[in-house]
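Enquirer: Residue numbers (the working numbering): 23 to 160.
#1: Helix, strand or coil for residue 159? Go by DSSP, reduced to three states.
#2: Buried or exposed: which applies to residue 149, given that a residue is buried once 16 or more other Cβ atoms fall within 10 Å of its Cβ?
#3: Applying the 10 Å Cβ sphere with the 16-neighbour rule, what's the burial state of residue 49?
#4: Which word fits residue 131, buried or exposed, when buried means at least 16 other C-beta atoms lie within 10 angstroms of its C-beta?
#5: Starting from the N-terminal side, write out each stretch of the beta strand (DSSP E) that is 3 residues or longer and does not extend beyond the region 67–119.
#6: At what residues does the beta strand (DSSP E) containing residue 53 begin and finish?
#7: Need the endpoints of the alpha helix (DSSP H) that residue 60 sits in, please.
#8: Among 112, 113, 154, 97, whose alpha-carbon lies nearest the alpha-carbon of residue 106?
#9: Cβ atoms of residue 75 and residue 53: under 8 Å apart, would you say?
#10: Measure the C-alpha to C-alpha separation of residue 119 and residue 84 and round it to an integer number of angstroms.
#11: Please name the residue in 158, 47, 110 whose C-alpha comes closest to that of residue 88.
#12: Compare the C-alpha of residue 110 against each of 62, 45, 66, 58 and name the closest.
#13: Quick one, which of 159, 128, 72 has its alpha-carbon nearest residue 143's?
Dropping the structure here:
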């Protein structure tokens, strides 16, 4: 119940704050295709993500904010010895965004730079038992 109340409160307050035209946000569902060594052990995955940026009144093209996302990938069970499992990754990325879009344009472009924290957890199911691991990366 507390989580539901928190979500409803946030979904109510964010549009009110955006009415001031200084706060922008977006959310989306993502599809992730692993590549390289990560692609050798994992199947395609999915995720949910959200970005929030505050534009400074004196510099309307400059936004300060960040990204919060969760991604999940299933382990490829065709790998010998692996019966199943998954890997989850949480992204917390403070960022700066500069808009290259003229005022009133319907579509536009922006440049963005950020640095953040990645928290990952890994569960592998094998015939010898389950293996769990987790960690954080900057």
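Positions of the beta carbon are idealized from the N, C-alpha and C atoms, including for glycine.
Expert: Considering the structure as presented:
#1: strand
#2: exposed
#3: exposed
#4: exposed
#5: 81–97
#6: 45–54
#7: 58–63
#8: 97
#9: no
#10: 6 Å
#11: 47
#12: 66
#13: 159
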